[in-house]
Amino acid sequence: GNMGVSFAWLAAERGYHCVIIMPSNMSSERKQTLEYYGAELIEVDAGDFDGAIRLRDELSEKNGWFNCNQFGSEQNIESHREGTAVELLYQCRNNCFIPSALVTGTGTGGTIMGVGPTLKYYHHEMNIVAVEPSESPVMSGGEPGLHGIQGIGDGSKFLVDLTIVDEIITVSTDEAKHRAKRMAKELGIFVGISAGSNIVASERFIEKYNPETPVITFL
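When the count follows the working numbering, it moves up by one through the sequence shown with no breaks and lands on 223 for the last residue.
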């Protein structure tokens with residue numbers, strides 16, 4: 005996903021050989037971007053993130069490659085705790101508002117685990133809300149499945165600690181796509197499908213609880 009594109013860019017800028025392994029059902033735009041940066045792309049079966057992770061680990065060990073391990077590294081969480089969360093705290097202070105909730109989809113889980121508890125430390129009444137595809141409701145206790153909201157719902161909880169999540173909202177692929185298109189047509193804001201799912205979930209939270217203060221989400 006976006007992390008793979010970031011690693012491919014970094015490798016191109018520094019002259020490293022970069023190998024990206026991902027399920028075959030990832031978007032053609034992602035694949036093309038990786039190839040433009042010169043990364044070697046290896047595809048596994050559609051939706052098989054666990055298989056991609058196993059193959060990554062095997063190839064890294066066999067060839068002595070650096071393993072980025074984004075799905076299991078605590079540094080993933082730490083980067084959001086020290087970066088994204090701090091930026092949001094400044095925005096809350098500068099705009100004089102207390103967030104009622106953080107609503108965000110989870111892929112690796114790094115964002116919600118790094119940002120959620122940090123914001124809640126300063127805003128105790130805030131809710132931490134995870135968003136996942138209704139076609140793959142793993143965190144809700146269901147089974148992994150194929151869906152079209154790339155960037156979230158990768159088939160496992162990975163870094164997510166559900167004990168700190170207050171609520172889980174599921175959004176279908178069609179709902180997320182429709183909302184993303186509306187953002188472009190009505191507001192001129194071009195966002196991806198996962199951003200569409202964040203907006204749908206945020207609107208549902210607001211409709212359900214009618215909070216008096218803003219909801220934070222990511223586009």
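The beta carbon of each residue, even a glycine, is placed where N, CA and C say it ideally should be.
Between the beta-carbon of L38 and that of A12 there is about 5 Å, and that keeps the pair under the 8 Å contact cut.
For A16, the enclosing alpha helix (DSSP H) begins and ends at N6 to R18.
Counting the other CB atoms within 10 Å of its CB gives I153 a total of 16 or more, which places it among the buried residues. Secondary structure of N131 (DSSP, three-state): strand. DSSP places I102 in the coil class of the three-state scheme, outside both helix and strand.
Relative to P141, the option among S176, E47, I203 and S206 whose CA is nearest is S176. About 10 Å separates the CB atoms of T108 and E136; that is not less than 8 Å, and the two are not in contact. Sorting T110, N131, Y126 and S83 by C-alpha distance to the C-alpha of S144 places T110 at the top. When DSSP states are grouped into helix, strand and coil, E47 belongs to the strand group. By the 16-neighbour rule on beta-carbons within 10 angstroms, C100 is exposed. Straight-line spacing of the CA atoms in A43 and D54 works out to 21 Å. Secondary structure of T174 (DSSP, three-state): strand.
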